[in-house]
Amino acid sequence: MPISNVTMFEKLPVYQYVPFKHDTALKYILACFVQLIPMHFYVNIIMGVDGLFMNFLHLIGTHMLILKKAFRTIRKACLRQGIEDALILDGVHNSKELEELMITEMKKCIKHLQMLYK
Numbered sequence: 001m002p003i004s005n006v007t008m009f010e011k012l013p014v015y016q017y018v019p020f021k022h023d024t025a026l027k028y029i030l031a032c033f034v035q036l037i038p039m040h041f042y043v044n045i046i047m048g049v050d051g052l053f054m055n056f057l058h059l060i061g062t063h064m065l066i067l068k069k070a071f072r073t074i075r076k077a078c079l080r081q082g083i084e085d086a087l088i089l090d091g092v093h094n095s096k097e098l099e100e101l102m103i104t105e106m107k108k109c110i111k112h113l114q115m116l117y118k
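full-length UniProt numbering numbers the first residue of the sequence shown as 1 and each following residue consecutively.
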């Protein structure tokens, strides 16, 4: 498209009403400020919602890291929980008590994961 000396007028995507005549330079500048105030609020709202969304994503990512660590260390945590006095016995690493403790810890982790996906 060649450049020419033609004045083009484009409409704004939003309609704004100026409640007074803006025929002088001072009134025109005042009208510009009157129209900029709502736009400033719109931009702040958009930035606030975007920041809130990013914080939610960060929170979910942190919860996922915590859950990953919890899933990896379930056995160690269960061995530390209440079976220290039974460590002398043979077969403590495969006992029924340890298995039940691991299942309850796994259920806690799964409930936490389900809460994140809801």
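Note that CB positions come from ideal geometry on N, CA and C, so glycine has one too.
Using 10 angstroms around the beta-carbon of residue i, count the other beta-carbons present and answer buried if the total reaches 16, otherwise exposed.
| i | result |
| --- | --- |
| Leu-57 | exposed |
Would you identify the three-state DSSP class for residue i, choosing helix, strand or coil?
| i | result |
| --- | --- |
| Pro-38 | helix |
| Phe-53 | helix |
| His-58 | helix |
I need the boundaries of the alpha helix (DSSP H) containing residue i, first residue and last residue.
| i | result |
| --- | --- |
| Met-115 | 96-117 |
| Gln-81 | 74-81 |
(request) Count the C-beta pairs between the segment 31-39 and the segment 69-80 that are closer than 8 Å, then say yes if the count reaches three, no if not. (result) no
(request) Could you tell me whether the segment 95-106 touches the segment 61-78, using the rule of 3 or more Cβ pairs below 8 Å? (result) yes
(request) Examine the Cβ distances between the segment 53-69 and the segment 107-117 and report whether three or more of them are shorter than 8 Å. (result) Verdict: yes, contact present.
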